[in-house]
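Protein chains: 2
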Amino acid sequence: MTSHPSRPSRSAGREVKEKSIFDAARSVFAELGFRGATTAEIARRAGVPKANLHYYFPTKEALYRAVTEQILTAWLSAASSFDEQDDPAQALAAYVGAKMDMARADPLGSRIWASEILRGAPVIRDFLETTLAEWLSSREKIIRRWMDRGQIRPVEPRYFFYMIWATTQHYADFETQITALNRGKPLSDEQFAVARAQVIDTVLRGILAPI
Amino acid sequence: MTSHPSRPSRSAGREVKEKSIFDAARSVFAELGFRGATTAEIARRAGVPKANLHYYFPTKEALYRAVTEQILTAWLSAASSFDEQDDPAQALAAYVGAKMDMARADPLGSRIWASEILRGAPVIRDFLETTLAEWLSSREKIIRRWMDRGQIRPVEPRYFFYMIWATTQHYADFETQITALNRGKPLSDEQFAVARAQVIDTVLRGILAPI
DNA sequence: GATGGATTTGACCAAGTGGTCAATTCGTCA
DNA sequence: TGACGAATTGACCACTTGGTCAAATCCATC
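So the protein sequences, as listed, match chains A and B.
Under our numbering, the first residue of the first sequence carries the number 1, and numbering increases by one thereafter.
Under our numbering, the first residue of the second sequence carries the number 212, and numbering increases by one thereafter.
1. Please list, in chain order, all residues of the same chain as His215(B) whose beta carbon is under 7 Å from its beta carbon, the five residues on each side excluded.
2. Look at Val123(A) and Arg65(A) and say whether their C-beta atoms are less than 8 Å apart.
3. Strictly under 8 Å for the Cβ-Cβ distance: is Leu339(B) near chain A by that measure?
4. Taking all protein chains shown into account, do 16 or more other C-beta atoms lie within 10 angstroms of the C-beta of Ser399(B), making it buried, or fewer, making it exposed?
5. So what does DSSP say about Lys228(B), is it helix, strand or coil?
6. Could you tell me whether the stretch 94 to 103 of chain A touches the stretch 158 to 171 of chain A, using the rule of 3 or more Cβ pairs below 8 Å?
7. Roughly how far, in whole angstroms, is the beta-carbon of Ala377(B) from the beta-carbon of Ala166(A), given that I think they are within contact range, below 8 Å?
8. Report the option in Ala62(A), Glu61(A), Thr39(A) and Arg45(A) whose CA atom is closest to the CA atom of Ala51(A).
9. Any contact of the stretch 231 to 238 of chain B with the stretch 287 to 305 of chain B, i.e. 3+ C-beta pairs under 8 Å?
10. Using a 10 Å radius around the Cβ and a threshold of 16 neighbouring Cβ atoms, would you call Lys310(B) buried or exposed?
11. Verify whether the separation of the beta carbon atoms of Val405(B) and Val307(B) is less than 8 Å.
12. Determine, for Ile152(A), whether the minimum Cβ-Cβ distance to residues of chain B falls below 8 Å.
13. Check whether the stretch 345 to 363 of chain B and the stretch 135 to 149 of chain A are in contact - that is, three or more C-beta pairs closer than 8 Å.
14. Against chain A, with Cβ distances strictly below 8 Å, would Arg416(B) count as a contact?
15. Does any C-beta atom of chain B lie closer than 8 Å to the C-beta of Asp101(A)?
16. Compute the Euclidean distance between the alpha carbons of Pro157(A) and Val410(B), then round it to the nearest angstrom.
17. Less than 8 Å between the CB atoms is what I'm expecting for Ala121(A) and Gln362(B), so what's the real figure, rounded?
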């Protein structure tokens with residue numbers, strides 16, 4: 001300890017402040033997209049003067065890149081849950097469940113991703129074309145192996161993944177709509193649990209080979 | 212005919228010009244969202260001076276409202292395809308197919324909707340809470356009737372609709388990503404036909420009662 | 001308690017924003 | 001043809017934008 005406990009150390013203060021700017025940026029980017037977001041609004045939500053924001057992140061784009069980077073990391077971590085099981089039903093249930101949990105726990109990340117795609121993915125295009133494309137094609141092989149073994153019905157794996165991504169991310173990206181359709185109240189934990197179970201169940205029934 | 216054929220009449224000229232501004236606005240709003248879109252960019256894509264744009268649409272918001280209005284109309288029209296069949300399999304196949312066709316034929320509409328939801332739906336909130344909520348709850352009743360008759364498995368109808376909406380709209384909203392994952396080429400008509408058929412098939416298998 | 005780098009921030013700037021307006025041009029019809 | 005309303009548009013305005021900067025303040029270390 002190099003400083004008084006009640007006053008944060010210099011480096012700890014930096015981390016806290018950086019994080020508060022970072023979090024404010026996430027929420028503004030998620031709502032308004034890159035172009036619509038303003039550094040003034042981000043600074044306001046972070047509770048710092050705008051000049052201070054530019055001390056920690058030199059440009060709006062640098063801040064945006066920092067935010068997207070974290071999102072891509074989180075995506076890959078959720079994706080790994082697909083690989084921990086050999087059985088199709090278990091692997092898919094784990095993966096879909098993890099994606100649903102992510103949509104619930106961190107909707108902002110999903111929304112920023114969506115907004116980035118909507119504008120043509122200028123920043124994450126490289127990720128899509130390399131890392132994500134490789135992930136998808138290697139998992140396609142796994143799906144095809146299951147098909148060959150007769151464990152699942154014959155499908156085009158990539159369109160199957162699109163359905164999983166679309167359905168799970170919908171609970172984050174369209175939360176406003178879901179809330180409006182739920183008498184103005186966000187889904188309760190119980191409601192979400194039902195939705196989560198049903199999504200897993202429907203996806204599995206859609207692809208598993210009949211007994 | 213009140214004017215020379217090669218020179219459009221005054222009112223026809225108005226319609227053409229209004230439409231070119233309207234279409235330019237759709238594409239800019241779809242890419243950049245309401246806040247990110249600029250009237251200058253819309254005017255540029257429409258090929259008219261900015262002052263001219265403001266002659267036809269007094270404000271950016273008026274233009275945006277005109278655009279969203281058309282989208283809501285189109286949504287309702289696709290939704291009606293759900294009601295034309297009594298058999299669950301046929302009704303659902305028609306509805307999902309219509310939504311897929313819409314995502315293919317007019318991806319911009321879907322993207323503007325998505326962007327509007329992302330920012331909290333300030334403009335279409337009323338539509339969501341009234342017209343859409345009513346549509347959903349009346350179709351929920353139809354689904355429950357099918358369930359009571361044992362024609363489909365027991366599910367929470369609204370989450371089932373969310374899956375349909377998410378999956379079909381994904382082909383419009385995430386076209387950039389889908390293209391990036393398809394070696395940089397947009398889905399061909401053949402590929403899309405496969406995706407369309409598979410989406411319908413998977414949705415049906417997920418909900419239809421086993422024989 | 002003096003030093004010096006890290007941090008903070010009000011004031012500022014050039015470029016871009018949505019929108020206005022008056023002067024001009026156009027098309028129609030008497 | 002002339003008159004008159006519809007349509008066009010360059011110039012302009014107040015305000016917001018992302019970003020800069022220099023002066024002030026903080027704080028770990030000696």
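For each residue, glycine too, the CB sits at the ideal point set by N, CA and C.
This one's a predicted model, so the numbers in the text were calculated from it and none came from an experiment.
Taking the geometry as given:
1. The sequence position of residue 215(B) within the second sequence is 4, counting from 1. Here His215(B) scores only 36 on pLDDT, less than 50, and its place in the model should not be relied on; the value that follows carries that caveat. Spatial neighbours of His215(B) in its own chain (CB-CB distance under 7 Å, excluding positions within 5 residues in sequence) are not present.
2. Position 123 of the first sequence holds residue 123(A). Position 65 of the first sequence holds residue 65(A). Yes, these two residues count as a Cβ contact at 8 Å.
3. On the second sequence, position 128 is the one that residue 339(B) refers to. Interface flag for Leu339(B) against chain A is set, since a Cβ pair is found closer than 8 Å.
4. On the second sequence, residue 399(B) is found 188 positions in, with the first residue counted as 1. The residue in question, Ser399(B), is exposed, as its Cβ has fewer than 16 Cβ neighbours within 10 Å.
5. Position 17 of the second sequence, counted from the first residue, corresponds to residue 228(B). In the structure shown, Lys228(B) sits in a helix (DSSP, three-state: H, G or I).
6. Contact between the stretch 94 to 103 of chain A and the stretch 158 to 171 of chain A is present, with at least three C-beta pairs closer than 8 Å.
7. On the second sequence, residue 377(B) is found 166 positions in, with the first residue counted as 1. On the first sequence, residue 166(A) is found 166 positions in, with the first residue counted as 1. In this structure Ala377(B) touches Ala166(A) by the C-beta definition: roughly 4 Å separates them, less than 8 Å.
8. Working through the first sequence from its first residue, we reach residue 51(A) at position 51. Taking the Cα of Ala51(A) as reference, the smallest distance to any Cα among Ala62(A), Glu61(A), Thr39(A) and Arg45(A) is reached at Thr39(A).
9. The count of Cβ pairs closer than 8 Å, one atom from the stretch 231 to 238 of chain B and one from the stretch 287 to 305 of chain B, stays below three, leaving the stretches out of contact.
10. Taking the first residue of the second sequence as 1, we reach residue 310(B) at position 99. Burial call: buried.
11. Residue mapping note: residue 405(B) aligns to position 194 of the second sequence, counting from 1. Residue mapping note: residue 307(B) aligns to position 96 of the second sequence, counting from 1. Val307(B) is positioned such that its CB atom lies no closer than 8 Å to that of Val405(B).
12. In the first sequence, the residue the question calls residue 152(A) occupies position 152. No, no contact with chain B.
13. When Cβ pairs closer than 8 Å are counted between the two stretches, the stretch 345 to 363 of chain B is seen not to touch the stretch 135 to 149 of chain A, the count staying below three.
14. Working through the second sequence from its first residue, we reach residue 416(B) at position 205. Output row for Arg416(B): interface = yes.
15. Here residue 101(A) refers to the residue found at position 101 of the first sequence. No, Asp101(A) does not count as interfacial toward chain B.
16. Taking the first sequence and counting its residues from 1, the one referred to as residue 157(A) is at position 157. Taking the second sequence and counting its residues from 1, the one referred to as residue 410(B) is at position 199. For Pro157(A) and Val410(B), the distance between alpha carbons rounds to 12 Å.
17. One-based indexing of the first sequence puts residue 121(A) at position 121. One-based indexing of the second sequence puts residue 362(B) at position 151. Contact flag wrong, Cβ pair sits at about 42 Å.
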